[in-house]
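> For what it's worth, UniProt numbering labels the leading residue of the sequence shown as 1, then goes sequentially. Don't be surprised by glycine CBs; every beta carbon is placed ideally from N, CA and C. Since the structure is predicted, the reported quantities are computational estimates derived from the model, not experimental observations. Can you read through this structure? Questions will come right after.
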Amino acid sequence: MSTAAPSNEIFDKVISFIEYTNQSIFLTGKAGTGKTTLLRKIKETTAKKTVIVAPTGVAAMNAKGVTINSLFQLPPGSFFPGDVSLASLRAGVVSIKNLLTELNYSRERKSLLTELELMIIDEVSMVRCDVIDAVDAILRMVRKNDAPFGGVQLLLIGDLFQLPPVTKREDWDLLSKVYPSPYFFEATVVKQHPLLQVELKTVFRQTEPEFVEILNDIRNNQIGEARLAILNQRFDPDFKQEEGSNHIIITSHNAEANAVNNEKLDELEGQDYIFEGQVDGTLNVQNLPVEQSLRLKIGAQVMFIKNDTGENRKFYNGKIGKIKSIAGEEIYISFPDEEDLLLERASWQSFEYKANENQAIVQQQVGEFYQFPIKLAWAVTIHKSQGLTFDSAIIDAGNSFVSGQVYVALSRVRTLNGLILRSKINKESLRSNLEVLNYMNTGNEGALSELLSSAQERYIIHLFTNVFSFQEVIESLNTVTSDHEIMKSNDAELRSVIGNLNRSEEALQDVSSRFQSQLRQLQKDSGLKDHKTIHARIEAAFNYFSKEINLQVINPLNKQIRGKPKSKSDQKLVHLFQQHRLAAENKLYKMRTATEIAAEASNWEDPHLLMKKIHELLKKKMNTPAAAQNATTIQLF
């Protein structure tokens with residue numbers, strides 16, 4: 001499903017989807033439409049337990065997140081879905097099924113992934129479909145939840161008309177048997193559970209309506225002869241830069257860009273100045289956004305690779321200037337028609353995520369890199385130009401540009417007048433990827449407000465069903481049954497008690513699953529208008545589970561806990577049974593509190609308040625039996 005709306009309205013809608021629904025979203029839009037701004041705002045305002053990931057180290061550092069591979073400890077290479085014999089796989093390709101058996105997560109990482117509520121993937125256009133399917137499988141397994149991504153809400157951010165995911169040819173020979181293309185939307189989980197597409201429309205980068213329209217036509221494979229002719233008016237094969245101009249050449253390969261930059265730097269008279277970056281803490285130097293050893297000369301053309309901060313911002317990511325003077329650590333940069341700027345070192349941080357003792361997900365800084373936020377800028381590759389904005393650029397589209405790269409290069413420039421073409425552009429070089437066009441055109445257009453309203457209703461029911469899920473109680477019993485010392489006991493009575501508990505709790509989970517399906521059907525049939533019927537069903541469920549949990553779980557546990565432990569193994573068993581009883585009492589407490597919340601008619605009049613109350617209830621962790629005593633309505637001994 002896809003929808004589009006003006007950016008000045010859409011920001012709040014997207015934030016509401018994130019905060020008040022569990023709907024996963026693909027947020028897209030052309031360069032300069034505010035995707036990064038919205039990501040930053042969501043990170044600052046969301047109450048959900050969130051991690052930010054990206055496909056590369058530089059992208060992760062820019063988004064102040066971590067790489068996908070580091071969060072999920074993925075091995076390098078590609079991931080083949082489904083059953084496949086090892087003989088059919090080549091080196092560098094791992095079957096997802098085998099990947100799951102080989103993962104060896106620490107307790108801390110399992111806790112982090114279990115507590116996770118929202119995962120933001122930035123620069124998702126560069127993420128392959130097999131990686132998405134691998135992440136989905138991992139989250140389902142770790143969280144013991146067969147919902148897409150184990151019930152984690154996803155916000156995918158990126159522009160599919162930018163550069164595609166990188167796949168080794170030999171890997172793709174195998175992956176192409178399953179996936180039509182390497183883009184994330186070909187992932188099995190995304191096809192089975194479509195994302196809501198939200199497109200930001202307002203462009204803040206290009207300032208000329210005519211140029212914006214030309215770029216739009218290129219994106220949509222609709223460029224006509226008239227607009228192509230306007231574009232080719234910028235053809236100037238003999239263009240020579242004037243003194244003081246700051247044009248940058250956009251190339252297709254690193255070697256070409258490096259050769260141009262080094263040649264231009266060597267042509268300058270005067271001495272070299274070397275500025276060493278400083279690394280503190282843990283940080284992968286291969287992921288640095290700027291050279292660790294920065295070589296400069298007076299007169300060198302440089303560009304900023306970071307936005308200025310503060311009120312009076314003097315530079316942006318992609319702004320080009322020239323080194324005017326260097327004295328020690330004092331570097332002055334000059335710009336046409338602007339005051340000179342005294343450059344200061346900037347810093348980039350590396351992070352990791354952890355779940356703390358209160359089950360909150362905290363982001364911890366583990367490293368920092370200090371360097372001047374500039375790099376040589378007579379030339380830059382298309383890949384490294386992504387996310388940058390140039391006032392003027394030189395493009396040679398006739399050389400080694402592949403399909404789609406010309407659009408990426410053109411969209412880096414603010415205005416048509418700032419563009420110089422060294423070769424004419426033809427329609428073939430502007431052709432967009434058909435898989436991307438087909439995906440972006442799928443789904444029915446719908447009003448965001450209506451979609452948001454229905455998604456909020458589903459989320460409210462989802463929260464109530466989580467309250468009545470027995471997964472936490474069953475997990476607590478698994479702690480007992482996974483203890484080898486206890487399970488090797490020859491005590492027939494103990495084995496009988498554990499067996500009965502296991503059967504009882506599995507049966508209660510089956511009843512709970514049917515109840516959850518009934519709640520979802522009530523919402524599907526009537527929405528939340530008939531909240532009295534929904535409350536009546538919740539109350540009936542609580543009355544049933546209150547009685548059965550006491551009879552089948554708490555009372556048998558009380559009998560086991562009463563006796564005085566005779567040995568260390570007995571003490572350990574009593575402690576585990578006490579923890580299991582606490583889990584059952586906590587579940588009853590939450591069920592009862594949710595029933596009381598549902599009974600208040602005023603709560604249903606304010607969906608956001610209702611969600612907040614249930615969400616906070618689900619987050620509560622009670623560590624003492626006294627905290628849950630009021631949950632039980634009967635005690636039979």
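1. Report the rounded CA-to-CA distance for residue 406 versus residue 307, giving the unit in angstroms.
2. Quick one: what does DSSP say residue 459 is sitting in, helix, strand or coil?
3. Could you check where the beta strand (DSSP E) with residue 119 kicks off and where it finishes?
4. Applying the criterion that 16 or more other CB atoms from any shown protein chain within 10 Å of the CB defines a buried residue, is residue 37 buried or exposed?
5. Taking the alpha-carbon positions, what's the residue 148 to residue 142 distance?
6. Quick one: Cα of residue 423 to Cα of residue 232, how far?
7. Determine, using beta carbons only, whether residue 248 and residue 320 come nearer to each other than 8 Å.
8. Mark residue 373 as exposed unless 16 or more other C-beta atoms lie within 10 angstroms of its C-beta, in which case mark it buried.
9. Let's test the definition: count the other Cβ atoms within 10 Å of the Cβ of residue 229 and tell me whether it reaches 16, buried, or not, exposed.
10. Do the CB positions of residue 295 and residue 272 come within less than 8 Å of each other?
11. According to DSSP, is residue 500 helix, strand or coil?
12. Which whole-angstrom value is the C-beta distance of residue 68 and residue 55, which I expect to be below 8 Å?
13. May I ask you to report which of helix, strand or coil DSSP gives residue 593?
14. Taking 8 Å as the limit between beta carbons, can you name the residues of its chain near residue 171, skipping five residues before and five after?
15. Less than 8 Å between the CB atoms is what I'm expecting for residue 353 and residue 66, so what's the real figure, rounded?
16. So, do the region 467-483 and the region 590-604 have three or more beta carbon pairs nearer to each other than 8 Å?
17. Under a Cβ-count criterion, where at least 16 other Cβ atoms within 10 Å of its own Cβ denotes burial, should residue 152 be classed as buried or exposed?
18. For residue 54, which beta-bridge partners are listed by DSSP?
19. State the Cα-Cα distance for the pair residue 297 and residue 418, rounded to the nearest angstrom.
20. At what residue ranges does the region 246-329 contain a whole run of the beta strand (DSSP E), taking only runs of 3 or more?
21. So, with DSSP's three-state summary, where would you put residue 174?
22. So residue 119 and residue 154 are in contact, right, with Cβ under 8 Å, and what is the actual spacing, rounded?
23. Could you pull out every unbroken alpha helix (DSSP H) segment of at least 4 residues lying fully inside the region 504-553, listed in chain order?
24. How about residue 390 and residue 408: are their beta carbons less than 8 Å apart?
25. Please report the straight-line C-alpha distance between residue 392 and residue 113, rounded to a whole angstrom.
26. Name the two residues that bound the continuous beta strand (DSSP E) containing residue 348.
27. On the CB-based measure, 16 or more other CB atoms within 10 Å of its CB, does residue 487 come out buried or exposed?
28. Should residue 251 be labelled buried (16 or more other beta-carbon atoms within 10 Å of its own) or exposed?
29. Could you say which of 116, 167, 150 lies nearest to residue 129 if we only look at CA atoms?
30. Return the CA-CA distance between residue 49 and residue 173, expressed in angstroms with no decimal places.
31. Cβ of residue 357 within 8 Å of Cβ of residue 280?
32. Under three-state DSSP, which class holds residue 390?
33. Nearest by alpha-carbon distance to residue 420: which of 608, 236, 559, 27 is it?
34. When you compare only the Cα positions, how much space is there between residue 578 and residue 527?
35. Three-state secondary structure (DSSP) at residue 660?
36. Could you give the residue range of the beta strand (DSSP E) that holds residue 379?
The structure says:
1. 25 Å
2. helix
3. 118-121
4. exposed
5. 13 Å
6. 9 Å
7. yes
8. buried
9. exposed
10. yes
11. helix
12. 6 Å
13. helix
14. 77, 78, 90, 92, 93
15. 7 Å
16. yes
17. buried
18. 67
19. 26 Å
20. 248-251, 273-276, 278-281, 293-296, 301-304, 320-327
21. helix
22. 6 Å
23. 531-549
24. no
25. 45 Å
26. 346-355
27. exposed
28. buried
29. 167
30. 38 Å
31. no
32. strand
33. 236
34. 40 Å
35. It is not possible to answer for residue 660, since the shown part of the chain is limited to 1 through 637.
36. 379-381
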